[in-house]
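Sequence lines, in order, name chains A and B. Each residue of the first sequence is one higher than the one before, starting from 25 at the first, in my numbering. Each residue of the second sequence is one higher than the one before, starting from 2 at the first, in my numbering. A virtual CB, placed ideally from N, CA and C, is assigned to each residue, including glycine. Each remark here refers to the structure printed beneath this line.
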Amino acid sequence: MHEMGIIIHLAKTLDQTAQEQNLTKIGSVTLQVGEVSGIVTDLFVECWDYFKKKHEVLKDSVLKLETIPAVTWCNNCKTNYETVKYGKTCPHCGSGETWLVKGNECVIKEIEAE
Amino acid sequence: MRTIKLNASVTASNDLDAQALRSRMKEKGVLLVNIMSSAGSGKTTLLSKVITDLKDTKIAVLEADIESCVDAEHIESLGAKAIQVHTSGMCHMDAGMTAAAVEAIKADNVDLMFLENVGNLICPAEYDTGSSLNVMILSVPEGDDKPLKYPLMFSKSDALVISKMDTLSYFTFDLDKCVSRVKALNPDIKIFPVSAKTGEGMDEFEKYLKACLKDWRA
């Protein structure tokens, strides 16, 4: 995952939100990042601190990150399990017929603004 | 300060650009095909073969690379319209960049437009480019373990071309193992083992492209 590319899109989305809702200052941005989204969170915060200065409305904002745990569904024994611990193979029945239910997303949950 | 709930995808601005580009291409009746693979898997060679074989299909190519114009010049020498896109270091194409390239190439009167994405198995899979068909290439020398190492691209692609099949005897590439690993990630994916050099398997892949174009225009 390319952190800088995501930040550029994030800033664009927030700029637009600020225009639509007549916001002059965004104080914080809360992002929910899936455990298996591939985003390197340390790098992400560094990218944000560099890039936010380019946008008047974002320049004093803080990026807050929340983790979304990754969950996989086993279609064979119809149960969920922790993706990071067990991967693609179900720990209950050993089946490989499994799908990621959540954990690869990156969502802008909320912003604090005025 | 007040709290505003957004619950929007972080790439929402890209997703909107992608949808807008897709509707424009639908109006024009052009099928935009996003070709993704690592560097050196044979994207340009595969497209060259498709252009040479499909004489009755008008093809244009958007060549995305970090630097140079060698690929676009080669494609133009085969008679297809091509434009070189320099990403200036960016490791993938997003919808905004793709839309700008589609605008710049001024090739409305085409059937198939290929976007040759930057050679990289990771980031290109993360961004919707606005294409309506995602094709990934894996070449035999890269190894049959790539679906295990880079699962996202295999799960996002509509079709997988396994290229350089003429070199199979020189490498320890297990085709059956590779296919089952890919199918485990993406049961619906279409798989085409080909050699653009000998022509092996190209007919099936070209028929698939034509069928997709027909569906797109239906």
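Using a Cβ-Cβ cut-off of 8 Å (strictly less than) and excluding sequence neighbours within five positions of residue i, which residues of its own chain qualify?
{"i": "B/N15", "result": "D95, A96, G97, Y128, D129"}
{"i": "A/H116", "result": "C98, C101, T103, Y105"}
{"i": "A/A94", "result": "G58, E59, V60, E106, T107, V108, L124, K126, G127, N128"}
{"i": "B/C124", "result": "C92, H93"}
Identify, in the order they occur along the chain, each residue of the same chain with its Cβ nearer than 7 Å to the Cβ of residue i, setting aside the five sequence neighbours on each side.
{"i": "B/W180", "result": "In the sequence on display, residue 180 of chain B carries Val and not Trp. If we look at B/V180 and ignore the five residues flanking it on each side, its Cβ neighbours are I192."}
{"i": "B/L186", "result": "P148, P152, F155, S156"}
Kindly indicate if chain B contains any beta-carbon less than 8 Å away from that of residue i.
{"i": "A/L82", "result": "no"}
{"i": "A/Q40", "result": "yes"}
{"i": "A/G111", "result": "no"}
{"i": "A/V131", "result": "yes"}
{"i": "A/T37", "result": "yes"}
{"i": "A/Q43", "result": "no"}
{"i": "A/L34", "result": "yes"}
{"i": "A/H11", "result": "Coverage of chain A is limited to positions 25 through 138, which leaves residue 11 of chain A absent and any answer about it impossible."}
{"i": "A/L55", "result": "yes"}
{"i": "A/I92", "result": "no"}
Buried or exposed for residue i, going by 16 or more other Cβ atoms inside 10 Å?
{"i": "B/E117", "result": "buried"}
{"i": "A/D84", "result": "exposed"}
{"i": "B/P188", "result": "exposed"}
Apart from the five residues on each side of it in sequence, which residues of its chain come closer than 6 Å, Cβ to Cβ, to residue i?
{"i": "A/I1", "result": "The structure shown does not extend to residue 1 of chain A, since chain A is modelled only from 25 through 138, so no value can be given for it."}
{"i": "A/K76", "result": "L82, K83, S85"}
Using a Cβ-Cβ distance cut-off of 8 Å, determine whether residue i contacts chain A.
{"i": "B/D95", "result": "yes"}
{"i": "B/M2", "result": "yes"}
{"i": "B/Y14", "result": "Strictly speaking, residue 14 of chain B in this sequence is Ser, with Tyr absent from that position. Closer than 8 Å to some Cβ of chain A, the Cβ of B/S14 qualifies, so yes."}
For the alpha helix (DSSP H) holding residue i, just list the boundary residues, first then last.
{"i": "B/A13", "result": "13 to 29"}
{"i": "B/L153", "result": "152 to 157"}
Please tell me whether, using a cut-off of 7 Å, the distance from the CB of residue i to the nearest non-hydrogen atom of the ligand SAM is below it.
{"i": "B/A108", "result": "You won't find the ligand SAM in this model; it holds no ligand whatsoever."}
For the beta strand (DSSP E) containing residue i, list its first residue and its last residue.
{"i": "B/M94", "result": "That residue, B/M94, is in no beta strand (DSSP E); it is neither H nor E in DSSP."}
Are the segment 139 to 154 of chain B and the segment 54 to 68 of chain B touching by the rule of at least three beta carbon pairs closer than 8 Å? Taking one beta carbon from each stretch, the segment 139 to 154 of chain B and the segment 54 to 68 of chain B have fewer than 3 pairs nearer than 8 Å; the two do not touch.
Would you call the segment 10 to 27 of chain B and the segment 130 to 141 of chain B touching, i.e. three or more CB-CB distances under 8 Å? Touching, yes, given that three or more Cβ pairs across the two stretches are closer than 8 Å.
Inter-stretch contact (C-beta, 8 Å, three-pair minimum) for the segment 41 to 56 of chain B and the segment 75 to 82 of chain B: Put simply, the segment 41 to 56 of chain B touches the segment 75 to 82 of chain B. At least three CB pairs are less than 8 Å apart.
On the three-pair Cβ rule with 8 Å, is the segment 77 to 91 of chain B touching the segment 30 to 44 of chain B? Judged by pairs of C-beta atoms under 8 Å, the segment 77 to 91 of chain B does not touch the segment 30 to 44 of chain B, as fewer than three such pairs exist.
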